[in-house]
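According to numbering that gives the first Met the number 0, the residues represented by the sequence shown are 0 to 146, in order. Here a beta-carbon is modelled for each residue, glycine too, at the ideal position from N, C-alpha and C. Because the structure is a prediction, the values reported are computed rather than measured. Since the structure comes first, as C-alpha cells, the remarks are kept for the end.
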Amino acid sequence: MAIKLARSTRQAGQDWFLGCIRHPTDVLRTWAAGELARIPSGEHWRVAEGPLLFSLRAMKYLGSRRLGPVVADVATGQAWWLLPTGLRDELDDVPQLTVQPQGGLLACLPVLNTIGERGWLEPPDGSGRLTAPAALRIAFGAGERLA
C-alpha cells in the first residue's frame, strides 16, 4: 500500500511538473531518449543553485513539510531548488546560492526516474509547494553553522 501511495504521489508530481511546461510533449520525448530536458524558469518557479552538501544540510534543517522540489547532481555536487516566482533579493546575501535569472534553463529529469547521476532529492508532490526563500536563507545559514 505504501509503495502504491508513493508511486501515485510521484505521478501527481510529474503531472504537476509537466503542467508547468510550455511544450510537455517535447520534454517527454527528450526524457524518453534518456536525456535531460532544458526547462526555462520564471513562469511557475525560479531556480537557486547551490552545493549539494550545503543543500542536504539545509533540507535536514527545513524538514519535509517546508520543502519544495530539489534536484541534485551527484557528479557535479550541485543542487537546484525550485522557488516561488515572486523571489526578489531574499537570497542575494547567501554566498552558497546563485539565483538564476528568469528564463534561466534547468537541465531537468522526470519525476518518476533518474537520468545519469541526476535525481530528485525532494520530488514535486503535485501540490505546487515550493521552498520559501526566507526559510531557505535561514536553513543555509544553519547548515553552515553545522558544518
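Three-state secondary structure assigned by DSSP to residue i
| i | result |
| --- | --- |
| V69 | strand |
| Q95 | coil |
| G142 | Legend: pLDDT at G142 = 48, less than 50; position of this residue unreliable, no value from coordinates given. |
| G12 | helix |
| L4 | Note that L4 scores 47 on pLDDT, short of 50, meaning its location in the model is unreliable; the coordinates nonetheless yield the value given after this. Helix at L4. |
| P109 | coil |
| P39 | strand |
| G118 | strand |
| G18 | helix |
Nearest candidate by alpha-carbon position, reference residue i, set the options
| i | options | result |
| --- | --- | --- |
| Q77 | C107, W44, D88 and R87 | C107 |
| S126 | D91, R117, R64 and E89 | R64 |
| T113 | V46, S7, L35 and L82 | L35 |
| Q13 | V110, G41 and R21 | V110 |
| R21 | R117, E42 and T8 | E42 |
| P39 | I137, G102 and A138 | G102 |
C-alpha distance - residue i paired with residue j, whole-angstrom precision
| i | j | result |
| --- | --- | --- |
| W30 | V73 | 19 Å |
| W80 | L66 | 9 Å |
| C19 | G140 | 30 Å |
| P123 | L104 | 18 Å |
| G115 | A32 | 12 Å |
| K59 | V69 | 13 Å |
| S54 | D25 | 30 Å |
| A11 | Q95 | 31 Å |
| R136 | V93 | 7 Å |
Rounded distance between the beta-carbons of residue j and residue i, thought under 8 Å
| i | j | result |
| --- | --- | --- |
| W119 | T84 | In fact, because the Cβ distance is near 20 Å, the residues do not count as touching under 8 Å. |
CB contact check: residue i to chain C, cutoff 8 Å
| i | result |
| --- | --- |
| I20 | Included in the structure is just one protein chain, with no chain C present. |
Original post:
Taking contact to mean at least 3 C-beta pairs separated by less than 8 Å, is the stretch 85–95 in contact with the stretch 122–137?
Top reply: yes
**OP:** May I ask you to verify whether the stretch 49–56 touches the stretch 13–28, counting CB pairs closer than 8 Å and requiring at least 3?
**Re:** no
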